[in-house]
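2 protein chains.
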Amino acid sequence: MSQSSGSASLPASLCSSSWFQSLPADLQHWLQQHARLRVLPAGQRLFARGDTADGLYGLAEGLVRISGSDASGQEAIAAVLAPPQWFGEIALFDAASRTHDAWTDSTVTLVHVPQAPLLALLAAQPQYWRDLGRLLSQKVRASFIAMEDLMLLPPGPRLARRLLQMSNSYGALQGSTLRELPLSQTRLAAMLALSRQTVNQQLQALSAAGLLRLRRGVVEIVDLPGLQKMAHQHQELSGSTPGNK
Amino acid sequence: MSQSSGSASLPASLCSSSWFQSLPADLQHWLQQHARLRVLPAGQRLFARGDTADGLYGLAEGLVRISGSDASGQEAIAAVLAPPQWFGEIALFDAASRTHDAWTDSTVTLVHVPQAPLLALLAAQPQYWRDLGRLLSQKVRASFIAMEDLMLLPPGPRLARRLLQMSNSYGALQGSTLRELPLSQTRLAAMLALSRQTVNQQLQALSAAGLLRLRRGVVEIVDLPGLQKMAHQHQELSGSTPGNK
DNA sequence: TTTGCAGTGTCAGCCAGCCGACATAGCACG
DNA sequence: CGTGCTATGTCGGCTGGCTGACACTGCAAA
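If you read the protein sequences in the order shown, they are chains A and B. If you're matching positions, the first sequence starts at 15 in our numbering and goes up one per residue. If you're matching positions, the second sequence starts at 15 in our numbering and goes up one per residue.
Structure below.
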C-alpha cells in the first residue's frame, strides 16, 4: 500500500516513525536519498558488540534483536525492535564501538545510512545533532525504565509491563497497539531476566485470567485494560489464596 | 588548593572532568560564565522525577544520588555521582521531564547552568549539540552495562564490578582510582538490587579474602587486581569447598 | 556522659524462582 | 508421510537470596 511520494528510497513505514516525523523536511529528504535499502534473511548479524560503528539503521519490516552475551554464552536481550524503529545512533556522537549485537529475528527489510556521509552532513548542518540526540534520549529513557522494572518488579508485573510496552511500540505503524506479539517464551525470558519456565507460568496465569491468548511463538493480548491493571499492582496473581489483603 | 585560572566561577574540579576537557574552548568559557555556584547541605532534593527540566548540573564536591522509587517506596538507585560529573542533560534534547530524583548525599558543591540561556546558546551554536550528545552517550553506555550486569551476574561479581566501576569514576579527580568508597551497605544493596544482608555477606567474603577492608560507611579496596579477578569469574567465593573445579 | 540513631554483623526460616527432565505439539523439509 | 527440530506445558527438587529479628557499635547531639 501507499505509493512513494517523491524520490523515496525509504519505505513508507520508516517515514511514519514518530522520530522521523519530527525531523525537519531537509533532513528527511537527505535521509531518503542516502539510505540504502537492504533485505536480509533471518539469523544474520547486522553488527556485533565492539565493532566500529558504520552508521545509522532504520528497520522497515521484520524484527531485529539487540542483545549482549557474557562469556558463558548467556544472552541478555536489551530489546527486540519492530518497525518503524531507527537505531545505531549512539556511536555517532562518541565514535566508539557498538554496545550490543544486532541480529535479524526474521526476514528483515531495513535501510542503512553510512557513517561517513552522515557525519559530513552533520558537520555542515550541526543543528541536526539535536535531532539525533532526541533519538538517543528516547533510548536512555527506555533503558532507565527497563532497569527500574528489573530492579523493583516481581516477575508477573514485569512481564505484563513489558508486553504492554511492546504492544505500544509494535503498533506504532498503525498508530494503535498491536495485539499479537511475535515472541517465543524463551526470548521473553531472556528479555526479563527470568527462566523460561517462570515466564510460562506467568503467561499461563494471565491466560487463565482471560487477559492473554497463547499460541506458538505468539502472545496475543485479549484484555488490554486488564493487563494494565496487572502491571500496576505489585502482588502476583497466585493460584490459590486470592484474598491476601 | 589550585587557584582559579581566568574568570572562573567554575570550581577547578569540574573543569578536570574528561567531558569538560573534551569541549571546545568557547563552550568551556561560556559554561564558566553561566554556571551558578550552589552549596547545599545533605538530604536536599535537587529535582524530582517528572519535574520539567531546569538545566544542566555539574557536581564539584560531595555525592549526589540519582534514584527512582516505586509506589511502595522501594528505592532503585541508578547511580551515586561523585565529582567531577555533569548531569541533567537528557531533557535538553527532548524537553521532557526528569527521569529520576536527585538527592544530595552529603554537603554538596555544584554548579547549575539554567536551561534557557543554554538552549539559546545551542540555537546560536548548534555544533555544541554534539558535545552534549557525547555526555548523553556516556550515560547510555553506562546504563547498558549496568543493565547487563544486573541481568547476567550473580551477586558476588555484580558487587565486585560495581565497586571497581565506582573506584574508577570516583578517582577521576586525581586521575587514578579511589580506594575508599563512601557507601553504606544499604546504599550498595539498593544499587545492586540485592538485600542488605546479601551485600554484607559478599563484602565479608571479599574482606576475608583480603581484597577489601570494611569500615563504617566506607568500603576500602585493598587488592585492586584481586578484586578485578573476582569480578571476571562467574562463580562465587563460597565459604567452604574452594576446589570446585 | 548519656542518649539516640544509623550502620553493621549474624542467624534462622522460608519460599520464589532456578534447574533438570520429560512429554507433547506444531511446523519445515525430505 | 516420516523425520527432526523447536516451542510449549508441566513436574519435582533444590537452593540462593529474601524477610524478620536482634545484638552490637560508633558517632553525634543533648
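In this text, a Cβ means the ideal position worked out from N, Cα and C, and glycines have one as well.
For chain B, is any of its Cβ atoms less than 7 Å away from the one on A:P169? no
With a threshold of 16 other CB atoms inside 10 Å of the CB of A:D115, please say whether the residue is buried or exposed. Buried, since its Cβ has 16 or more Cβ neighbours within 10 Å.
Can you confirm whether the region 81 to 99 of chain B touches the region 139 to 149 of chain B when touching is taken to mean that 3 or more C-beta pairs between the two stretches lie within less than 8 Å? no
Candidates B:S198, B:S183 and B:R112: closest to B:T191 by CA position: B:S183
Contact criterion: CB-CB distance below 7 Å. Does B:A108 meet it with respect to chain A? This sequence places Asp at residue 108 of chain B; Ala is not what is there. Chain A contact via Cβ: present.
Identified DSSP bridge partners for A:A203: Answer is none; A:A203 lacks a bridge partner.
Backbone secondary structure at A:R11 - three-state DSSP: No statement about residue 11 of chain A is possible, as the shown extent of chain A runs from 15 to 259 and does not include it.
Please classify A:Q216: is it buried, with 16 or more other beta-carbons within 10 angstroms of its beta-carbon, or exposed? buried
To which residues of the same chain is A:E103 closer than 6 Å at the C-beta, ignoring the five residues directly before and after it? L70, L146, L149 and L150
Report all residues from its chain with a CB closer than 6 Å to the CB of B:K243; omit the five preceding and five following residues, and keep chain order. none
Per-residue burial, B:L208 [other beta carbons within 10 Å of its own, 16 or more giving buried]: buried
Chain A partners of B:E148, CB-CB under 7 Å? Note on identity: in this sequence residue 148 of chain B is Arg, with Glu being the wrong assignment. F107 and D108, listed in chain order.
Ends of the beta strand (DSSP E) at B:P128? V122 to P128
Identify the residues that DSSP records as bridge partners of B:F61: which are they? B:A116
Straight-line Cα distance separating A:E162 from B:Q88: Each residue's alpha carbon lies about 11 Å from the other.
If we define contact as Cβ-Cβ less than 7 Å, is B:G102 a contact residue for chain A? no
For A:V232, the first and last residue of its enclosing beta strand (DSSP E): Counted as a single uninterrupted DSSP element, the beta strand (DSSP E) harbouring A:V232 occupies residues V232 to I235.
Could you please give the first and the last residue of the uninterrupted beta strand (DSSP E) stretch that includes B:A109? Element bounds for B:A109: n/a, residue is neither H nor E.
Measure the CB-CB distance between B:Q58 and B:T118 and report whether it falls below 7 Å. yes
Where does the unbroken alpha helix (DSSP H) through B:L41 begin, and where does it stop? First-last of the alpha helix (DSSP H) with B:L41: A39 to H48.
Can you pull the chain A residues whose beta carbon is under 8 Å from the beta carbon of B:L164, in chain order? M161, L164, M165 and A207
Let's test the definition: count the other Cβ atoms within 10 Å of the Cβ of B:L51 and tell me whether it reaches 16, buried, or not, exposed. It counts as exposed.
Could you check what DSSP says for A:T212 in three-state terms: helix, strand or coil? For A:T212, the three-state secondary structure derived from DSSP is helix.
For the alpha helix (DSSP H) containing A:S183, name the first residue and the last one. P169 to Y184
Using the three-state DSSP reduction, which class does A:S32 fall into: helix, strand or coil? Here A:S32 sits in helix by DSSP.
Within chain A, partners of B:R175 - CB distance below 9 Å: Within chain A, no residue comes near B:R175; the closest Cβ sits about 12 Å away, beyond 9 Å.
Per DSSP, which residues does A:E75 bridge with? Please list them. A:T123
Between which two residues does the alpha helix (DSSP H) carrying A:Q242 extend? L238 to H246
Residues bridged to A:Q99 by DSSP? A:L73
Check for me: the beta strand (DSSP E) holding B:L24 runs from which residue to which? Per DSSP, B:L24 belongs to no beta strand (DSSP E) and is neither H nor E.
Name the chain A residues whose beta carbon is nearer than 7 Å to that of B:G82? E162
Please classify B:P128: is it buried, with 16 or more other beta-carbons within 10 angstroms of its beta-carbon, or exposed? exposed
With a Cβ-Cβ cutoff of 7 Å, do A:A74 and A:P25 count as a contact? yes
Would you list, in chain order, the members of the region 50 to 74 of chain B that have their beta-carbon closer than 9 Å to a beta-carbon of chain A? Per Cβ criterion, the list is empty.
With a cut-off of 7 Å, does the C-beta of B:A156 fall near any C-beta of chain A? no
Note down, in chain order, each residue of its chain lying with its Cβ closer than 8 Å to the Cβ of B:S181, except the 5 sequence neighbours on either side. So the list reads T191, L192, R193, L195, I235 and L238, once near-sequence residues are dropped.
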